[in-house]
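Read the structure below first, then the notes.
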Amino acid sequence: MNNDTDIQLSGPFKATDGSGRAHDIKAIRIFDEGYGAIDVYVDFAAPLDGLHKDKALIAAIVAQLRTVGYKGPLLTQGDPVLQEKKLMVLEAPDEFNTFAAGKGWKDLAEEFGDDE
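Residue numbers (the UniProt record's numbering): 1 to 116.
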């Protein structure tokens, strides 16, 4: 989490899942650059126990992102192979790119625009 290639979007907060249980989240972060699609990494203090698809939990995470300026649609569950015991990976919609750029994210695809 203290990697030089990370941009922290949010510090610690609590999020509630669909069954009403509260979970401590340590941080929401992204990598500082990518090719258009952004994976959002949510670091939990305790194991998720299969809650990677919980819509209420994902909505609570998006609500936290809204408190730091995100205005776009909901994020969705990321690739199942990226999920870990204490890590939820969410896929961000294209509208997230503008928000991320405002936080310092760089879209590497822009460097390779069409020359035609």
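We put the CB at the ideal spot given by N, CA and C, even for glycine.
Using only the alpha-carbon positions, how far apart do residue i and residue j sit?
i, j, result
"D54", "A109", "32 Å"
"P12", "K86", "14 Å"
"V42", "G78", "11 Å"
"D115", "A100", "With a pLDDT of only 46 at D115, under 50, the local geometry of the prediction cannot be trusted, and the value read off the model is given with reservation. Looking at the two C-alpha atoms, the distance is approximately 26 Å."
"A60", "L51", "13 Å"
Thinking residue i and residue j are a contact (beta carbons under 8 Å), I'd like their distance in whole angstroms, please.
i, j, result
"I28", "L65", "7 Å"
"D32", "D49", "Actually they are not in contact, since the Cβ atoms of D32 and D49 sit about 30 Å apart, beyond 8 Å."
Applying the criterion that 16 or more other CB atoms from any shown protein chain within 10 Å of the CB defines a buried residue, is residue i buried or exposed?
i, result
"G20", "exposed"
"Y35", "exposed"
"V40", "buried"
Identify the continuous alpha helix (DSSP H) that holds residue i and give its terminal residues.
i, result
"V81", "Element bounds for V81: n/a, residue is neither H nor E."
Should the stretch 13–25 be called in touch with the stretch 42–56, which here means at least 3 C-beta pairs below 8 Å? yes
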